[in-house]
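See structure below.
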Amino acid sequence: MGKTFAEAQAKISGDWNATAIVASAVGAVLERDKCIVTSWHKSSRLDASGYPQKPAAFMLNLNCNQAIAGVNGPGNSITTPEGRAAKSTLDKAAALNDNPEWCDKSDKNHEYCAHFCTLHGDLCTFSVS
1 MGKTFAEAQA KISGDWNATA IVASAVGAVL ERDKCIVTSW HKSSRLDASG YPQKPAAFML
61 NLNCNQAIAG VNGPGNSITT PEGRAAKSTL DKAAALNDNP EWCDKSDKNH EYCAHFCTLH
121 GDLCTFSVS
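And the structure:
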């Protein structure tokens with residue numbers, strides 16, 4: 001939970017040798033790969049003989065609204081924990097994008113920027129080398 005559909009799908013197919021299936025999706029603002037997995041369960045699909053179907057399947061429930069509600073569409077309220085976390089991430093990305101040279105001021109800053117942009121690459125408009 002909390003991962004994007006793309007991240008969850010890669011984990012499920014790569015590490016677990018299973019299939020990711022969208023069970024439900026709320027909202028339509030985000031591209032499918034960027035939707036957030038809100039819950040999941042392992043499917044209990046059976047074949048014609050009554051045995052568990054291979055490969056295993058995981059049913060994912062997705063939230064495809066944007067991180068924070070705004071004029072562009074629905075999302076989390078900034079008064080909720082999820083909304084506050086999303087707002088904090090967006091604020092950090094904006095600060096780094098406005099001042100990318102901060103990342104090169106020290107090894108610690110560079111490490112922070114590299115980690116942040118690895119986690120939130122779509123928010124970083126600069127490259128960390």
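Counting in the UniProt record's numbering, the sequence shown runs from 1 upward without gaps. Don't be surprised by glycine CBs; every beta carbon is placed ideally from N, CA and C. Because the structure is a prediction, the values reported are computed rather than measured.
Pairwise C-alpha distance: T118 and K87: 18 Å
Cut-off 7 Å between Cβ atoms - residues of its own chain near S77, not counting five sequence neighbours on either side: A69, G83
In whole angstroms, give me the CA-to-CA distance for residue 146 and P52. With the chain running from 1 to 129 in the structure shown, residue 146 is simply not present.
Say whether the region 14-30 touches the region 54-64, bearing in mind that this needs 3 or more beta-carbon pairs closer than 8 Å, one atom from each stretch. yes
Could you check how far apart the C-beta atoms of A20 and A8 are, in whole angstroms? I think they sit under 8 Å. 6 Å
Residue interval of the beta strand (DSSP E) (run including F58): 57-63
Say the cut is 7 Å; is the CB of A25 nearer than that to a heavy atom of the ligand NAD? The ligand content of the structure shown is nil, which means the ligand NAD is not present either.
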